[in-house]
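The opening residue of the sequence shown carries number 37 in this note's numbering; numbering runs sequentially from there.
Scroll down for the structure; my scribbles are underneath it.
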Amino acid sequence: MKNKALIWFGSPHKVGYTAQMVNELANALSDDTEIFIYNCYEENPRPCIDCGFCKQQEGCSSSDLDGLYAALEESNILIIASPVYNMGFPSPLKAVIDRMQRYYNARFSLGKKPPIPAAKRAYLLLTAGSGEGVSFCIIHQQLEQMFTILNAKLKKTVLLSSTDENPALEQALEKIYDIAKDINQS
Ligand SMILES: Cc1cc2nc3c(=O)[nH]c(=O)nc-3n(C[C@H](O)[C@H](O)[C@H](O)COP(=O)(O)O)c2cc1C
37 MKNKALIWFG
47 SPHKVGYTAQ
57 MVNELANALS
67 DDTEIFIYNC
77 YEENPRPCID
87 CGFCKQQEGC
97 SSSDLDGLYA
107 ALEESNILII
117 ASPVYNMGFP
127 SPLKAVIDRM
137 QRYYNARFSL
147 GKKPPIPAAK
157 RAYLLLTAGS
167 GEGVSFCIIH
177 QQLEQMFTIL
187 NAKLKKTVLL
197 SSTDENPALE
207 QALEKIYDIA
217 KDINQS
């Protein structure tokens, strides 16, 4: 396999707009890409409790994300696919983001640079009930610091907005196929 893609799936709906975008992307990827999907609602990750464990040694005091951490460290592609909830991420996905604190502390408390050696290209797939708005900027700002810590660079974002009324699904899917092309050519 040339690529290892890790997808953080943030919707509670197995059949929904976010799922549709993820399925289209997965179907458009070539066999050269191994895909690992982490379903945040099914896995129900524990929240970060700022216990300080990761300031003293690498790792996390909770073992529930051991598989996810291993997949993340091996992947060269990170895809975050989620609906917008209250201008941010649904709480199970937000828990995953907060649990990346172990890498923040690996970098800034333990001096590991970079905390994850394998560089990643990141892609963001968002769906939102209303039109494109401030939540788009807020989410990008929220992710900026985390991407740095994860050794990831955000390459492309697709926002499927207005899902409450009249979503421009075809335009969003065109962008999804662009991402697939990007990954398949790499
Ligand atoms: C709790 C909750 C909060 C939401 N907050 C927002 C919001 O802040 N902005 C927005 O545009 N849509 C918001 N929505 C709408 C969802 O983003 C939208 O329905 C999305 O398309 C659902 O994607 P899915 O079908 O993949 O689950 C919210 C929905 C829920 C259930």
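Note that beta-carbon positions come from the ideal geometry of N, C-alpha and C, so glycine has one too.
All values derive from a computational prediction rather than experimental measurement.
Whole angstroms is fine: what's the gap from residue i's alpha carbon to residue j's?
| i | j | result |
| --- | --- | --- |
| Glu168 | Ser197 | 6 angstroms |
| Ile165 | Gln92 | Going by the sequence as given, residue 165 is Gly instead of Ile. The alpha-carbon atoms of Gly165 and Gln92 are separated by roughly 42 angstroms. |
| Ile116 | Ser222 | 19 angstroms |
| Asp67 | Glu110 | 18 angstroms |
| Gly88 | Pro81 | 18 angstroms |
Between which two residues does the beta strand (DSSP E) harbouring residue i extend?
| i | result |
| --- | --- |
| Leu209 | Where Leu209 is concerned, there is no enclosing beta strand (DSSP E), although the alpha helix (DSSP H) it sits in stretches over 205-221. |
Residue i bridges to which residues according to DSSP?
| i | result |
| --- | --- |
| Lys189 | Arg157 |
| Ile113 | Ala41, Arg157 |
| Tyr105 | For Tyr105, which the question treats as bridged, DSSP gives no partner whatsoever. |
| Glu70 | Lys40 |
| Ser118 | Leu162 |
Please classify residue i as buried or exposed, where buried requires at least 16 neighbouring CB atoms within 10 angstroms.
| i | result |
| --- | --- |
| Ser118 | buried |
| Gly147 | exposed |
| Asn202 | exposed |
| Cys90 | buried |
| Val51 | exposed |
| Gly103 | exposed |
| Lys156 | buried |
| Ser47 | buried |
| Ile85 | exposed |
Could you please give the first and the last residue of the uninterrupted alpha helix (DSSP H) stretch that includes residue i?
| i | result |
| --- | --- |
| Ile152 | Ile152 -> no alpha helix (DSSP H), and no H or E assigned at all. |
Chain-ordered residues, beta carbon under 5 angstroms from a heavy atom of ligand 1: Ser47, His49, Gly52, Tyr53, Thr54, Pro119, Val120, Tyr121, Asn122, Met123, Thr163, Ala164, Gly165, Ser166, Thr199
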